[in-house]
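Novice:
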Amino acid sequence: MDKDNDHQLWITAQIALVETLLADYQGGHRKACYTLADGSHVDETAQVIGQPQSDIARLRSSGSVR
Numbered sequence: 006m007d008k009d010n011d012h013q014l015w016i017t018a019q020i021a022l023v024e025t026l027l028a029d030y031q032g033g034h035r036k037a038c039y040t041l042a043d044g045s046h047v048d049e050t051a052q053v054i055g056q057p058q059s060d061i062a063r064l065r066s067s068g069s070v071r
């Protein structure tokens, strides 16, 4: 396997991994919730969803992967 093909396969695998993570957050299977010392609950799931979306776009632009 040549180096370019290996790189393409690696990027494709990374995109699939991040898309799966994103689907978990969007589907409600994974949440970014925690409790502060004062007992209040914080849900940052909506903010966290933005990062995988950004990562997918960056990975797609780093090579000719769709």
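All letters in the sequence shown, in the order written, are residues 6 to 71 by the working numbering.
Ideal Cβ positions, reconstructed from N, Cα and C, are used throughout, including at glycine.
Could you tell me whether the region 45–53 touches the region 17–28, where touching means 3 or more Cβ pairs closer than 8 Å?
Specialist: By the Cβ criterion, the region 45–53 is not in contact with the region 17–28, since fewer than three pairs of Cβ atoms, one from each stretch, lie closer than 8 Å.
Novice: From the DSSP output, read off the bridge partner residues of T40.
Specialist: By one-based count along the sequence shown, residue 40 stands at place 35. DSSP lists H46 as partners of T40.
Novice: Span of the alpha helix (DSSP H) holding H12?
Specialist: Here residue 12 is taken as the residue at index 7 of the sequence shown, counted from 1. Where H12 is concerned, the enclosing alpha helix (DSSP H) stretches over 8–31.
Novice: Does DSSP put S66 in a helix, in a strand, or in coil?
Specialist: By 1-based counting over the sequence shown, the position of residue 66 is 61. In this structure, S66 counts as helix in the three-state DSSP scheme.
Novice: So R54 packs on Q31, CB below 8 Å; how close in whole Å?
Specialist: Stepping through the sequence shown from its first residue, residue 54 is reached at position 49. Stepping through the sequence shown from its first residue, residue 31 is reached at position 26. Correcting the residue type first, residue 54 is Ile in the shown sequence and not Arg. About 6 Å separates the two Cβ atoms, so the contact holds.
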